[in-house]
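To keep things clear, I will list the structure first and then write my remarks on it.
Numbering (the numbering used here), first residue to last: 217 to 593.
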């Protein structure tokens, strides 16, 4: 029942305009509202990493030093790196309360470091994985807009991206022996993240492939970040002689959940109330004309409150009365009386948020019952 503030937003094209009514686009992550309410959520265009399994696309749930955890029809299955044949990426709107910053980014052509080669298509080393997707001409991803070929090598643009790579001609590259793409940056987050991984996706041209645009994936685990900037280097190997980079993007994940950064696309900072209302709009679109009871959306308790519940001798039924926005407007405890629940527990319950009840697709007031110790399961 718990959540960490992350939600994937589906059907986003139908509700993107609704965000403008909640918050003007383009506002900075740190900007305060007129009433100084904290904008603790980020709505952004994220990316979903998947493996290609025949005719199926299987979502990647997590990446570790030893392999990938993949969703096979609702069941998590571990795959070794060399069991993965092809990777896929697609886009959707996401929402997260965690945020990271990428600064001082540099991208340069480089030499490989002699990693063990996996037959046919990739490289594997401790905590890293690199592989080719193949020609983008057959990827069927209409959202990808590649720029014209940039033979000068000036491919870096945008905030916090340096333009230090001046590039070489294909002939000079072959002579130099460049076969890797090196990306370095400083990474930090106000939210401590003990484990995470980066996905580097590079679109490039191979002079031997008649100008086809190809795609290469690189996965790398990171030993955690904090508010103190940490130096990160990604070395993507296996490029052909004379390769030319078209585009290169980085995505960060923690336990399979994407972490937005200052480089994320179409991002906007939202207050908690704005974020919850956005999720309700998404929920409404996915349940047109439906009649449904309320269900939990944002159920979180501080550790000290969980301890109070665990140590409590009572476990009464609690009814939470909800308004049409899924907010708790009243709390009723059974005959044992509210004195059987510590004030800290009551306060935590009043801060819960729910998807409201629906009647023929319209939100209505409702109620939700629970016992405190159910939240410890």
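Ideal Cβ positions, reconstructed from N, Cα and C, are used throughout, including at glycine.
This structure is a prediction, so every number in the text was calculated from the model and none was measured.
Where does residue i land, buried or exposed, given buried means 16+ other C-beta within 10 angstroms?
| i | result |
| --- | --- |
| residue 440 | exposed |
| residue 533 | exposed |
| residue 491 | buried |
| residue 546 | exposed |
| residue 577 | exposed |
| residue 470 | buried |
| residue 444 | exposed |
| residue 502 | exposed |
| residue 481 | exposed |
| residue 432 | buried |
| residue 425 | exposed |
Using CA atoms only, rank isn't needed, just tell me which of the options is closest to residue i.
| i | options | result |
| --- | --- | --- |
| residue 485 | 563, 310, 305 and 575 | 310 |
| residue 291 | 278, 282 and 562 | 278 |
| residue 488 | 474, 469 and 513 | 513 |
| residue 272 | 259, 287 and 261 | 287 |
| residue 409 | 456, 446, 482 and 511 | 446 |
| residue 274 | 493, 300, 261 and 429 | 300 |
| residue 437 | 461, 430, 411 and 417 | 411 |
| residue 588 | 431, 285 and 562 | 562 |
| residue 521 | 316, 475, 570 and 565 | 565 |
| residue 308 | 314, 483, 507 and 569 | 483 |
| residue 316 | 459, 260 and 500 | 260 |
| residue 257 | 493, 525, 458 and 570 | 493 |
| residue 302 | 320, 268 and 402 | 268 |
| residue 543 | 428, 529, 479 and 496 | 496 |
| residue 525 | 430, 421, 592 and 500 | 592 |
Could you tell me the distance, in whole angstroms, from the CA atom of residue i to the CA atom of residue j?
| i | j | result |
| --- | --- | --- |
| residue 404 | residue 318 | 7 Å |
| residue 523 | residue 586 | 18 Å |
| residue 527 | residue 280 | 36 Å |
| residue 312 | residue 407 | 12 Å |
| residue 270 | residue 305 | 16 Å |
| residue 463 | residue 558 | 55 Å |
| residue 541 | residue 516 | 18 Å |
| residue 413 | residue 590 | 32 Å |
| residue 442 | residue 575 | 45 Å |
| residue 449 | residue 400 | 4 Å |
| residue 509 | residue 518 | 27 Å |
| residue 419 | residue 327 | 18 Å |
| residue 560 | residue 567 | 11 Å |
| residue 276 | residue 511 | 27 Å |
| residue 423 | residue 453 | 17 Å |
| residue 331 | residue 477 | Bear in mind that a pLDDT of 43 at residue 331, under 50, signals an unreliable position, so the model cannot answer this. |
| residue 183 | residue 498 | Residue 183 lies beyond the stretch modelled for the chain, which goes from 217 to 593, so this question has no answer here. |
| residue 263 | residue 314 | 16 Å |
| residue 417 | residue 255 | 30 Å |
| residue 459 | residue 294 | 33 Å |
| residue 569 | residue 402 | 36 Å |
| residue 500 | residue 320 | 41 Å |
Under 6 Å Cβ to Cβ from residue i, same chain only, skipping five residues before and after it: list those, please.
| i | result |
| --- | --- |
| residue 451 | 396 and 398 |
| residue 415 | 265, 435 and 467 |
| residue 325 | 394 |
| residue 504 | 577 |
| residue 455 | 395 |
| residue 479 | 318 |
| residue 475 | 314, 316 and 468 |
Given residue i, which residues of its chain have a CB within under 7 Å of its CB, disregarding the five upstream and five downstream residues?
| i | result |
| --- | --- |
| residue 583 | 535, 536, 537 and 538 |
| residue 549 | 532, 534, 556 and 557 |
| residue 296 | 283 |
| residue 465 | 417 |
Got a sec? Which residues, its chain only, sit under 8 Å from residue i by beta carbon, not counting five neighbours each side?
| i | result |
| --- | --- |
| residue 580 | 540, 572, 573 and 574 |
| residue 506 | 574, 576 and 577 |
| residue 289 | none |
Minimum length 4: unbroken alpha helix (DSSP H) runs contained in the segment 502 to 584 = 519 to 527 and 559 to 566
If you scan the segment 242 to 316 from start to end, which runs of the beta strand (DSSP E) of 3 or more residues do you find wholly inside it?
-> Taking 3 residues as the shortest admissible run, the segment 242 to 316 contains the following complete beta strand (DSSP E) segments, listed from N- to C-terminal end: 257 to 269, 272 to 280, 283 to 288, 291 to 295 and 303 to 312.
Which residue spans inside the segment 437 to 511 form an unbroken alpha helix (DSSP H) run of at least 4?
-> 488 to 502
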